[in-house]
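Following: one structure in structure tokens, then a few remarks.
In this note's numbering, the protein residues as written are 269 to 462.
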């Protein structure tokens with residue numbers, strides 16, 4: 269695979285440099301990731317796109333294109349109450365209008381998270397089993413207050429140290445709909461001091 273940038277349509281223009289491209293260039297020089305560049309744009313189809321989405325589209329599709337890679341258009345469609353096919357079609361139209369596509373070598377890189385929801389659930393259970401995630405029963409306000417900031421360390425949830433068995437039980441009951449929406453959430457066990 270050619271690792272040089274293919275700055276589309278302008279062979280005389282120098283390639284723009286930024287920290288993302290510098291990281292990719294370093295990775296390609298070292299042979300990391302087999303010099304394969306894959307990015308993704310994961311919109312939730314619950315409304316029309318705005319300028320921030322356009323920036324993300326241009327970054328993710330543009331970087332992939334300039335390195336001869338692919339960008340996955342992956343709809344984060346896991347909230348059916350707020351999503352609509354109208355927004356899916358609008359997002360597809362916007363990506364196309366901006367000059368990008370999600371096909372390469374007769375393969376389409378268009379995905380819906382709902383198509384592999386069961387696999388995501390399995391991964392969530394695996395994280396719980398490995399002690400990397402837990403069910404948090406704090407209110408949204410409590411979580412926000414304990415989150416911390418760029419200058420202040422956060423505080424661990426009082427539910428962080430539940431046993432694996434208790435977390436699995438709660439998580440499975442969440443999936444079964446036994447609790448009011450938002451009463452519990454699955455959280456990664458991150459370092460709250462960083």
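C-beta: ideal position from N, C-alpha, C; glycine also.
- Going by beta carbons, residue 457 and residue 400 fall inside the 8 Å limit.
- DSSP assignment within the segment 371-404 yields the following whole beta strand (DSSP E) runs of 3 residues or more, N-terminal first: 378-380, 401-404.
- Here residue 308 is near residue 328, since their CB atoms are less than 8 Å apart.
- Taking all protein chains in view, the Cβ of residue 355 is crowded by 16 or more other Cβ atoms within 10 Å, so the residue is classified as buried.
- Each of 421, 326, 443 was checked against the Cα of residue 366, and the nearest Cα belongs to 326.
- In the structure shown, residue 318 falls within a coil segment according to DSSP collapsed to helix, strand and coil.
- Note that the C-beta distance between residue 414 and residue 423 is below 8 Å.
- Nearest C-alpha to residue 404 among 314, 447, 350, 310: 447.
- Residue 356: member of the alpha helix (DSSP H) spanning 353-365, first to last residue.
- Sequence-distant Cβ neighbours of residue 342 in its own chain, meaning closer than 7 Å and more than five residues away, are 308, 310, 379, 381.
- Under the DSSP assignment, residue 455 falls in the beta strand (DSSP E) whose first and last residues are 453-456.
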